[in-house]
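Peer 1:
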Amino acid sequence: MVKKNTCIFISGYGSNLKSLIKRSREYNFPAKIKLVVSNNSKANGIFYAKKNSIPYLLINTKKRNFDFEILKSLKKYKISLICLAGYMKIIPKRLIRNFKKPIINIHPSLLPKFKGLNTYERVLKNKEIQTGCTVHHVSEKLDDGKIILKKRFFIQKSDNIKILKNKTQNLERIGFSEAIINLFRYN
Ligand code: GRF
């Protein structure tokens, strides 16, 4: 199997990055992590990149044309899939248009419900019966592209923000790699 060269965008802890690195070592997993991009030089996820000898690029999203810098690296590492794993910035339209290959994102709610930030608070406030995570294609609208997969669980009375986050993130670690497998199943 020819694995797709994959780039993971992060901003923070990097638990999704960690699990994707682990899965990508399996001989039949369709993606190989070739590059990590972070907008945050203090992101814990960079530690996982370093530990696994994966090149990483630190970007400053306040800089003009920072997206060209990213595109240059994507080209250098022949990237054919971008995974946004806790990347907390909007992807510039110009990057989406120029990359032309799949960009996928993981979001901690059952989209189209609860787009944007503070999902756990809003899920509880809205007295939802269930929640979970969604992996979807990135389009030019926030948290709005075609859905690849959702993973869900029922909310218990005793669940608070911390517990919901924990349960959701446990599902994310399974869901993200499953979505990548689904994406390339027939390619
Ligand atoms: C995840 O819950 C993801 O859904 C959200 O940000 C979180 C990132 O977690 N967009 P991590 O950095 O992968 O640990």
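In this note's numbering, the protein residues as written are 11 to 197. We put the beta carbon where it would ideally sit given N, CA and C, even for glycine.
#1: What residue ranges within the region 71 to 103 form continuous alpha helix (DSSP H) runs of no fewer than 4 residues, ordered along the chain?
#2: Shortest alpha-carbon distance to P102 belongs to which of S119, T71 and S83?
#3: Assign S149 to one of three DSSP states: helix, strand, or coil.
#4: Give the C-beta separation of L91 and K14 to the nearest angstrom, bearing in mind that I take them to be a contact with Cβ-Cβ under 8 Å.
#5: Kindly indicate which three-state DSSP category F194 falls into: helix, strand or coil?
#6: Cβ of N108 versus every heavy atom of the ligand GRF: is any distance shorter than 7 Å?
#7: Which value, in whole angstroms, describes the spacing of the CA atoms of L159 and G142?
#8: Rounded to whole angstroms, what is the Cα-Cα separation between N49 and K167?
#9: Starting from the C-beta of E150, find all residues in its chain whose C-beta is less than 8 Å away, skip the five residues before and the five after it, and write them out in chain order.
#10: How should K24 be labelled, buried or exposed, when 16 other C-beta atoms within 10 angstroms of its C-beta is the threshold for buried?
#11: Note down, in chain order, each residue of its chain lying with its Cβ closer than 8 Å to the Cβ of N38, except the 5 sequence neighbours on either side.
#12: Pull up the distance between the alpha-carbon of R33 and that of D169, whole angstroms please.
Peer 2: So, from the listed chains and residues:
#1: 76 to 86
#2: T71
#3: coil
#4: 5 Å
#5: helix
#6: no
#7: 11 Å
#8: 37 Å
#9: K103 and I106
#10: Contrary to the premise, residue 24 reads as Gly rather than Lys in this sequence. It is buried - the Cβ of G24 has at least 16 other Cβ atoms within 10 Å.
#11: M11
#12: 29 Å
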